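Undergrad: Going down the list, the protein sequences come from chains A and B. No gaps in the numbering here: position 94 of the first sequence is 221 in our numbering, and each next residue is one more. No gaps in the numbering here: position 96 of the second sequence is 223 in our numbering, and each next residue is one more. Don't be surprised by glycine CBs; every beta carbon is placed ideally from N, CA and C. In this text, all values refer to a predicted model and were calculated from it rather than measured experimentally.
Number of protein chains: 2
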Amino acid sequence: MPLRRGYHQPVIEQTPPQPPARRPRRRSQRQIEESATIKAEIVTAASEVFAENGYALTTLDAVAKRVGLGRTGLLHHFPSKEALFLAVLDREREWAQERAGGETGTTGLDTIRELGVFLGRDAAARTPLQLVHVLEGEAIAGNEAAARYVAERLVKVRDEIRRRLEHETPAEDLETVVTLVAATINGLQKIWLLEPDAPTIPAFELLMDLLDNQLTTD
Amino acid sequence: MPLRRGYHQPVIEQTPPQPPARRPRRRSQRQIEESATIKAEIVTAASEVFAENGYALTTLDAVAKRVGLGRTGLLHHFPSKEALFLAVLDREREWAQERAGGETGTTGLDTIRELGVFLGRDAAARTPLQLVHVLEGEAIAGNEAAARYVAERLVKVRDEIRRRLEHETPAEDLETVVTLVAATINGLQKIWLLEPDAPTIPAFELLMDLLDNQLTTD
DNA sequence: GTCTATATGGCGATAGAC
DNA sequence: GTCTATCGCCATATAGAC
Numbered sequence: 128m129p130l131r132r133g134y135h136q137p138v139i140e141q142t143p144p145q146p147p148a149r150r151p152r153r154r155s156q157r158q159i160e161e162s163a164t165i166k167a168e169i170v171t172a173a174s175e176v177f178a179e180n181g182y183a184l185t186t187l188d189a190v191a192k193r194v195g196l197g198r199t200g201l202l203h204h205f206p207s208k209e210a211l212f213l214a215v216l217d218r219e220r221e222w223a224q225e226r227a228g229g230e231t232g233t234t235g236l237d238t239i240r241e242l243g244v245f246l247g248r249d250a251a252a253r254t255p256l257q258l259v260h261v262l263e264g265e266a267i268a269g270n271e272a273a274a275r276y277v278a279e280r281l282v283k284v285r286d287e288i289r290r291r292l293e294h295e296t297p298a299e300d301l302e303t304v305v306t307l308v309a310a311t312i313n314g315l316q317k318i319w320l321l322e323p324d325a326p327t328i329p330a331f332e333l334l335m336d337l338l339d340n341q342l343t344t345d
Numbered sequence: 128m129p130l131r132r133g134y135h136q137p138v139i140e141q142t143p144p145q146p147p148a149r150r151p152r153r154r155s156q157r158q159i160e161e162s163a164t165i166k167a168e169i170v171t172a173a174s175e176v177f178a179e180n181g182y183a184l185t186t187l188d189a190v191a192k193r194v195g196l197g198r199t200g201l202l203h204h205f206p207s208k209e210a211l212f213l214a215v216l217d218r219e220r221e222w223a224q225e226r227a228g229g230e231t232g233t234t235g236l237d238t239i240r241e242l243g244v245f246l247g248r249d250a251a252a253r254t255p256l257q258l259v260h261v262l263e264g265e266a267i268a269g270n271e272a273a274a275r276y277v278a279e280r281l282v283k284v285r286d287e288i289r290r291r292l293e294h295e296t297p298a299e300d301l302e303t304v305v306t307l308v309a310a311t312i313n314g315l316q317k318i319w320l321l322e323p324d325a326p327t328i329p330a331f332e333l334l335m336d337l338l339d340n341q342l343t344t345d
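(1) What did DSSP end up calling residue 322/B once you bin it into helix, strand or coil?
(2) Going by DSSP in three states, residue 173/A sits in which element: helix, strand or coil?
(3) Out of 199/A, 182/A and 219/A, which has the shortest C-alpha to C-alpha gap to residue 209/A?
(4) Would you say residue 203/B reaches chain A, if we count a Cβ-Cβ gap shorter than 8 Å as a contact?
(5) For residue 314/A, would you say it is in contact with chain B, using Cβ-to-Cβ distances shorter than 8 Å as the test?
(6) Just curious, the alpha helix (DSSP H) that residue 329/B is in, first and last residue?
(7) Under 9 Å Cβ-Cβ, which residues of chain B neighbour residue 294/A?
(8) When burial is assigned at 16 or more other CB atoms within 10 Å of the CB, is residue 193/B buried or exposed?
(9) Between which two residues does the alpha helix (DSSP H) holding residue 294/B run?
(10) With DSSP as the reference, label residue 248/A as helix, strand or coil.
(11) Can you find the residues in the same chain that come closer than 8 Å, C-beta to C-beta, to residue 176/A, ignoring five residues on each side of it along the sequence?
(12) Specify, as a first and last residue, the run of the alpha helix (DSSP H) that residue 196/A falls within.
(13) Please confirm whether residue 181/A has its beta-carbon closer than 8 Å to some beta-carbon of chain B.
(14) Suppose the cutoff is 6 Å on Cβ atoms and the five residues either side in sequence are ignored; what does the same chain contact list for residue 243/B look like?
(15) Looking only at its own chain, which residues have a Cβ that is under 8 Å from the Cβ of residue 166/B, when we skip the five neighbours before and after it?
(16) Using beta carbons (cut-off 8 Å, strictly below), is residue 175/A in contact with chain B?
(17) Against chain B, which members of the stretch 231-261 of chain A pass a CB distance test of less than 9 Å?
(18) In terms of residues, what are the limits of the alpha helix (DSSP H) holding residue 269/A?
(19) Within 10 angstroms of its Cβ, does residue 310/A collect 16 or more other Cβ (buried), or is it exposed?
(20) With DSSP run on the structure shown, which of helix, strand or coil describes residue 262/A?
(21) Considering residue 218/A, what are the terminal residues of the alpha helix (DSSP H) in which it resides?
So this is what it looks like as structure tokens:
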């Protein structure tokens, strides 16, 4: 009983509970969509597949099938698996920036609560969060592109937290608090991915309350 | 420039900065070691390789080479890659239990600080922690055996935290506090793996202090 | 722009010699 | 108990037809 199947368990599109088959659209005739559009579609599909399988187990066939292409059709738009992967990472950066950028400029202790948007709250958050956490695992496991992306993202997250706290926290504690908040958000995200019913949002609010009490009574 | 190489980037033992080649021992003659001993050695080596590469990217060749065997020699002791993987998970469970079991029976608010042993404090903690976090990534990415192990481990961690807190915390807050502590420990572990210099231990102690203040002033 | 071959190579597992 | 083949499978990537 192999873990998945014989070889490297690609699991390509082994989705039995999915009769409409995702959307293997007719594309042959009438490919009105310009190159930019279909590239965006491919990146979207690839994000999902990478999020579900990780980099190593993702096959180009799985991505191609999801956009209704053959493998070589896909390779026409992205010359290699890595190129596609890097495009997915670029897209992910944009998403994160949009989500964090909503309230740029705000500072102070209460605005840090806004970082709760990075917790899993709805189904729409699942794919991007899952992608990030799968990539973090692969970064630890030595995937260099993933490691670069993860390291860069970690710095951004810390910067964003620090920006909102640096005028409210004693300087000698700042990095400690930043580390605590960053770690807790990350850990709560993972718990949400693995156990969706755990009270992750109350836990985050509890931490915010604890920090509030601490920092305002000093 | 492929991410690693042509196909599935095995990276087997591509360790250029490692002249002594880990320990490809002479074993041919004098195999005094009984079966149990060599199996333990294999599991140790496999833990390291799985921790470094994850399940998908680990090759039997890499494990075999590290114990000084050929691939088929290894397959004599473990009939398949999955069997070896399950043995590694069993070993990991024992390690975790030993580390947590040190102070069984203790209860109360201060004893929760002892959970700091699960943070990365020294180099020896790196392999087991890295293994856990890589497997968590693969669990999210659909590796069933990893998912089972991770889910089981998550329950154990929560139980251990809950046991130490249930007499000190208002019942309606218990699961929230447990979630917060579990998430923070996990997130701090990951930060330690990715940024070893971050103040993860002070961050953990800060959380402990915050909880202390909160729970003792109610 | 997308397809059908095809080349190339890696990996897991088995058979059989030593 | 370990080795040297070998089989079978699957993935990336390229070449060339439509």
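TA: Here's the rundown:
(1) In the second sequence, the residue the question calls residue 322/B occupies position 195. If DSSP states are grouped into helix, strand and coil, residue 322/B belongs with coil.
(2) One-based indexing of the first sequence puts residue 173/A at position 46. Residue 173/A falls in the helix class under three-state DSSP.
(3) Along the first sequence, read from residue 1 onward, the residue named residue 209/A stands at position 82. Here the closest residue by C-alpha is 182/A.
(4) Here residue 203/B corresponds to residue number 76 of the second sequence, with the count starting at 1. It does not: the Cβ of residue 203/B has no partner Cβ on chain A nearer than 8 Å.
(5) As a working mapping, residue 314/A is identified with position 187 in the first sequence. Yes, residue 314/A counts as interfacial toward chain B.
(6) Numbered from its first residue, the second sequence carries residue 329/B at position 202. Run containing residue 329/B: 327-344, per the alpha helix (DSSP H) assignment.
(7) Within the first sequence, the letter at position 167 stands for residue 294/A. In chain order: nothing, as chain B lies at least about 19 Å away.
(8) The sequence position of residue 193/B within the second sequence is 66, counting from 1. The residue is buried, with at least 16 neighbouring Cβ atoms inside 10 Å.
(9) By one-based count along the second sequence, residue 294/B stands at place 167. Premise fails: residue 294/B is in no alpha helix (DSSP H) and is neither H nor E.
(10) Reading the first sequence from its first residue, position 121 is the one you call residue 248/A. Looking at residue 248/A - three-state DSSP - the assignment turns out to be coil, as it is neither helix nor strand.
(11) On the first sequence, residue 176/A is found 49 positions in, with the first residue counted as 1. Only 185, 189, 190 and 193 meet the Cβ criterion.
(12) Here residue 196/A is taken as the residue at index 69 of the first sequence, counted from 1. Unbroken run through residue 196/A: none, as it is neither H nor E.
(13) The residue you call residue 181/A lines up with position 54 of the first sequence. Cβ-Cβ to chain B under 8 Å: yes for residue 181/A.
(14) Translated into the one-based positions of the second sequence, residue 243/B becomes position 116. Once the five neighbours on either side are set aside, the close Cβ partners of residue 243/B are 331.
(15) Your numbering for residue 166/B matches position 39 in the second sequence. The answer, listed in chain order, is 204, 205 and 214.
(16) Stepping through the first sequence from its first residue, residue 175/A is reached at position 48. Cβ-Cβ to chain B under 8 Å: no for residue 175/A.
(17) 257, 260 and 261
(18) Locating residue 269/A in the first sequence gives position 142, counting from the first residue. No alpha helix (DSSP H) contains residue 269/A, which DSSP labels as neither H nor E.
(19) The residue you call residue 310/A lines up with position 183 of the first sequence. Burial call: buried.
(20) The residue given as residue 262/A occupies position 135 in the first sequence. Residue 262/A falls in the helix class under three-state DSSP.
(21) In the first sequence, counting from the first residue as 1, residue 218/A sits at position 91. From DSSP, the alpha helix (DSSP H) with residue 218/A extends over 208-228.
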